[in-house]
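Colleague: If you scroll down you'll find the structure; I have some questions about it.
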Amino acid sequence: MAGGLGRDELIRHFTLGSDDRAWLEGAARGSGNRIGMAVQLCALPWLGFVPDDVTAVPAAAANRVGVQLGIPIADLAGYGARAQTRTEHLRVVADRLGWRTAGRAEWKDLEEFLLARAIEHDAPSVLFRLGCEYLHSAKVVRPGVVSLMEHIATVRRSAVGEVFGRVEHLLSGARRAELDGLLAVEEGMSVSRLAWLHRGATSASPMAIRGELDKLRYLRGLDAHRLDLSGLPEARRRRLAGVGRRASNQALARRGEDTRFPVLLATVAECSVEVLDELVQMFDQAVSGTEGRARRKLDELLVARAKASERKLDLLEEILAVAVDEAVADVEVGARLRRGIGMDRLRAARRDPRDRLQRDHGHLALIDASFTYLREFAPHVVAALEFVGSAEAKPLVEAVEVLRELYAKGGRKVPDGAPAQFVPTRWRGYLDHARKTGNATAYRHYWELCTLLGLRDALRSGDVWVPGSRRYADPTTLLLPPGKWEGMRTEYCALVDVPPSADEALERVGEQLRAALGELEPLLTGGDGPVRMTDKGEIVVSRLSAMAVPDAVEQLRLQLVDLLPRPQLTELLIEVDRWSSWSDRLTHAGGKTHRDPQLRRNLYAAILAQACNFGLTAMSEASGISYDTLAWTTEWYLREDTLRAANAAVVDHHHTLPLSSVWGGGTMSSSDGQRFPMRGKSLTARAMSRYFVDEGVSTYTHVSDQHSTYGTKVIPVTDREAVYVLDEILGNATDLPITEHATDTAGQTLTVFSLFNLTGFTLSPRIRDLGGITLHRLGSRKDLTGVFPNAGKLLTGTVDVGLIRSQWDEMLRLAASLKYGHTTASLVVGRLHASSRRSATAQALVEFGGLQRTLYALRYLADEAYRRRITRQLNKGESLHSLRRDLFFAHEGSVRRRHHDQQTEQALCLSLVVNAIITWNTAYLELALEHLAARRGRIDHDLLAHVSPALMEHVNPYGTYEFPVEAEYARQGFRPLRDRTDR
């Protein structure tokens, strides 16, 4: 109650009506009792309870109440000296407000409510918050904290029994034995079955794929894919599976049956989905790797062919010189060529007709060279998985079934009538030639390759899916059910300010286009501005000149940095935690509530070990904290969900600092990928010779205009960033009111433009070669150029308005599915981009996206301030890239964690430390500014906007070194060796 109280809250909760004042006159005797009861009257609806010390009310609230009653605030000081008086007054106040105290009936209702919540959310802090919200909504005065926590503890114990009761029907005697068998180390294995299931693959080699197939067969032997755990909320299933992933075999074995078996059931059910998803991903990568190697070989051959063609052109010049020489008789031409040029050169230049290239320049033939490699895993994958497809993919699914039968029976010839309609045009020549020549082996090879490559592409696009998979599921399950959407449409359209009618939406876009053209037209009329048109009607955008930053900015920056303290990175992290309590968000995966006094220290060490890339061994040696302690802390506390919550706590605190508003209001953000080399193998890593010697990964971060990082995602470097750009914006759990987002060229596509608009956001990219993109219009070009003779000429493209109208509701349903978290944007956008045959909805999104991109482009061309704002925001992201690189210094900045979930956790640790530095710098820059202002007067805020908090020169990230000179010189002999056999 003594905490901060905003102006709106003060007015809303501490305003007395005339009837309240009249009631207080009759209900309480004496000014002290009247103001005390008035505070209770205001505090109860505000807090849901009245603290024992009513006098602890914020001074602003007490003063406001006193003014309304005409009573001095000093009269409140003696109120409530007798507890009985406070209690009696609370009873009267509650009765006045229609509230009631907690009796047996209220406790029973609360426990029933909490039990339902406890089955889903087991954390006491969450249950306490939910319980308080329930009591407030039911107008029940919140009991004391101790009493409430005792009931929560009882409810949590009851929830354990309830969870077991909901899955007990699945636990036959045989299944109990099978589940307990997961914890044993079988003969011939070095680890338990449970540990083996959680040991993810790090490469998509045939051996690794067969290893995942072994896991899949084992899990199916347990019927894990058929376990119906729908009686448990998804959050509870995730938590139980998390315990199964992290707990040791011994710890699980010590648990009672009522807690052990639900954990093991949830674990194997989750494993069955994860292994299936990973297997399909590995199949994709193995096939793509084969195709990629063939592509690189083809590129080399094309370069060689180009050089050979140059030599042939030189030869042709020599031949033509003889052929056009009229002094050489026709009968002598052949002899002159053979004698002058030589038969060897002529024969070498002549290409065998059999070497004529296919339409793909021989790409499929080069893939066929790896046919044996594909056969090491493809038959096993096709045999193990079920594939279902859309109507358009029916020929491909039938071809997969034919291939499955050929694999099973050892057939060598593709049966007559086997589907081949799915084969791309560029590869049909291979099959036609093999059929004409009667080469059944070649036909089988090429048909099989086309089937496998087609299956890979169809799985990516969602045209084919795998039952039981989460990532490769039926696309229709990714959208809100039609019945549910029907009841949400009006609410959703109001939320994102998008018309429910396509006609209204198109009319709005038309008005926006005309307004944007009107802004641009005067700039093009002169023909000599930064944006102008050539005689050919092409648009030219001059590069933005560098903003003239006053010399005083650098002088101010140096003065501020010189005033900043010089903290160790460890000290900085602790201080920011003291301000924002971010470490409280790092909760135990198993729901453990007791926090050891040393836990914070261990958390700081574990986070820095990842953020600076030391690893736990090096951190253990540097800090003196045992490796086992750090490993346990990392395993149980540093998870993606807790690290995201910790980052949000720091970002939210930074958002409240006055200086942060100088850089922006938190409404705009940007995203960009930062590439890190990979040491070792990983399914996430990809080769990209432009950046890495071997392979690497990309950390895709979302940065606000206040320099804070509110989103972090690890993605393959070869994936287009536009696929992931919406994920962190839609999943933004901070207080930042993001409405606009900037990216570079890789972060935008027409589909993404469309989805940004339909989810209520604005996409503001910086597109390379903006003059080369097609701009779209509504209506005829003649009508536009009649009003806008210059700007109207730019809109050369048209859109299919009829398609947009017919698909408008489906477009909105898809957008709402993303906005409400029914599915992730990257999964949907990735499928939309991967599909070679767009659905009507996907094509309508592209058409509407063309209009949205046109609106953006017209604004970008007309408004230099807009262009500069985008550039400024992207530069903020670049400055944080430098800060991340400085922090991630150990092991030459190479990522060594091999699994995607581990890489994500490490990236989030790095973002957490970066956010802590930004927050610490912002707070201390503010103090430094006050210090400077006291010495030299007011500081110009325009200068402050150019001073970035992404500073590192005053922070020591390397730790401190001790030099025990006397002790070392006094040492006798050598240090003892580390003999692990003695441990």
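The sequence shown begins at 19 in our numbering and counts up by one.
Backbone N, C-alpha and C define an ideal beta-carbon position, used for all residues, glycine too.
With Ser176 and Leu133 assumed to form a contact (beta carbons below 8 Å), what rounded beta-carbon distance in angstroms separates them?
Modeller: Their Cβ separation, rounded to whole angstroms, is 6 Å, which keeps Ser176 and Leu133 in contact under 8 Å.
Colleague: Across which residues does DSSP place Asn81 in a beta bridge pair?
Modeller: Asn81 pairs with nothing; no bridge assigned.
Colleague: Could you tell me the boundaries of the alpha helix (DSSP H) in which Pro142 lies?
Modeller: That run of the alpha helix (DSSP H) goes Pro142 to Ser155.
Colleague: Could you tell me whether the Cβ atoms of Val57 and Arg104 are closer together than 8 Å?
Modeller: Going by C-beta atoms, Val57 is not nearer than 8 Å to Arg104.
Colleague: Please report how far the alpha carbon of Ser689 lies from the alpha carbon of Leu675, in whole angstroms.
Modeller: Computed Cα separation, rounded: 23 Å.
Colleague: Between the C-alpha atoms of Arg256 and Ile756, what's the straight-line distance to the nearest angstrom?
Modeller: Approximately 29 Å, taken between the alpha carbons.
Colleague: So, under 8 Å CB-CB, Ala324 and Thr285 are touching, yes? Tell me the CB distance rounded to an integer number of Å.
Modeller: 56 Å between Cβ atoms; not a contact.
Colleague: So what's Arg118 in DSSP terms, helix, strand or just coil?
Modeller: Three-state result, Arg118: strand.
Colleague: So Pro695 is in the beta strand (DSSP E); what residue range does that whole segment cover?
Modeller: Unbroken beta strand (DSSP E) run through Pro695: Met686 to Pro695.
Colleague: Just reading off the beta strand (DSSP E) that Thr719 is part of, what are its end residues?
Modeller: Counting along the chain, the beta strand (DSSP E) containing Thr719 begins and ends at Glu713 to Ser722.
Colleague: Tell me, which residues are paired with Leu781 by DSSP?
Modeller: According to DSSP, Leu781 bridges with His759.
Colleague: My output table needs one value for Tyr490: the three-state DSSP class, helix, strand or coil.
Modeller: Three-state result, Tyr490: coil.
Colleague: Which whole runs of the alpha helix (DSSP H) in the stretch 778-818 are 4 residues long or more, in chain order?
Modeller: Fully enclosed alpha helix (DSSP H) runs of 4 or longer: 799-805.
Colleague: List the residues that DSSP assigns as beta-bridge partners of Met551.
Modeller: DSSP lists Ile557 as partners of Met551.
Colleague: Within 8 Å, do at least three Cβ pairs link the stretch 868-878 to the stretch 812-830?
Modeller: Counting Cβ pairs under 8 Å, three or more are found: they touch.
Colleague: Output the distance between the C-alpha atoms of Ala20 and Gly149, rounded to the nearest integer angstrom.
Modeller: For Ala20, the predicted structure reports a pLDDT of 44, less than 50, and the residue's modelled location is therefore unreliable. A value from the coordinates is still provided. Roughly 22 Å between the two C-alpha positions.
Colleague: Per the DSSP calculation, Gln586 is bridged to which residue(s)?
Modeller: For Gln586, which the question treats as bridged, DSSP gives the partners Asn974.
Colleague: Going by beta carbon distance, what residues of the same chain come within less than 6 Å of Ser700, once the five residues before and after it are set aside?
Modeller: Only Thr220 and Arg916 meet the Cβ criterion.
Colleague: Considering only their Cβ atoms, is the gap separating Thr605 from Thr660 smaller than 8 Å?
Modeller: It is a contact, given that the beta carbons lie within the stated cut-off.
Colleague: If you compare alpha carbons, which of Arg193, Asp198, Leu473 and Pro518 is closest to Leu776?
Modeller: Of Arg193, Asp198, Leu473 and Pro518, the residue nearest in Cα terms is Pro518.
Colleague: When you compare each of His972, Arg114 and Val178 to Pro585 by their alpha carbons, which one comes out closest?
Modeller: If we check each option's Cα against that of Pro585, His972 comes out closest.
Colleague: Do you know offhand how far Gln439's Cα is from Asp745's?
Modeller: Going by the C-alpha atoms only, they are around 36 Å apart.
Colleague: So Leu270 and Val281 are in contact, right, with Cβ under 8 Å, and what is the actual spacing, rounded?
Modeller: Contact holds; Cβ gap of about 7 Å.
Colleague: From the DSSP secondary-structure annotation, give me the bridge partner or partners of Pro734.
Modeller: Per DSSP, Val715.
Colleague: Kindly list the residues whose CB is nearer than 6 Å to the CB of Ala460, restricted to its own chain and excluding five residues on each side of it in sequence; keep chain order.
Modeller: Contacts found: Ala452.
Colleague: Please report the Cβ distance between Phe405 and Val415, rounded to the nearest whole angstrom; I am assuming they are in contact, meaning their Cβ atoms lie under 8 Å.
Modeller: So it is a contact: roughly 6 Å between Cβ atoms.
Colleague: Looking only at C-alpha atoms, which of Gly789, Asp818 and Ala860 sits nearest to Val770?
Modeller: For the residues Gly789, Asp818 and Ala860, the minimum Cα distance to Val770 belongs to Ala860.
Colleague: Run through DSSP, which three-state label would Tyr464 get?
Modeller: Helix, per DSSP.
Colleague: What is the DSSP secondary structure of Ala339, reduced to helix, strand or coil?
Modeller: Residue state, collapsed to three classes: helix.
Colleague: Using a threshold of 8 Å, state whether the C-beta atoms of Ala880 and Glu537 are closer than that.
Modeller: Yes; because the gap between Cβ atoms is below 8 Å, this pair is in contact.
Colleague: Beta-carbon within less than 8 Å of Lys14's beta-carbon, same chain only, minus the 5 sequence neighbours each way: which residues are those?
Modeller: This structure leaves residue 14 out entirely; the chain is present only between 19 and 1001.
Colleague: Taking only runs of the alpha helix (DSSP H) that begin and end inside the stretch 395-443, which ones reach a length of at least 4 residues, in chain order?
Modeller: The qualifying runs are 396-402 and 412-427.
Colleague: Report the option in Val514, Ser223 and Ser408 whose CA atom is closest to the CA atom of Leu830.
Modeller: Leu830 has its Cα closest to that of Val514, out of Val514, Ser223 and Ser408.
Colleague: Would you identify the three-state DSSP class for Ala988, choosing helix, strand or coil?
Modeller: Coil.
Colleague: Skipping 5 residues on each side, what residues in its chain have a beta carbon closer than 7 Å to that of Ala80?
Modeller: Here the set comprises Val57, Ile91 and Leu94.
Colleague: List the DSSP bridge partners of Arg704.
Modeller: Paired residue(s): Gly714.
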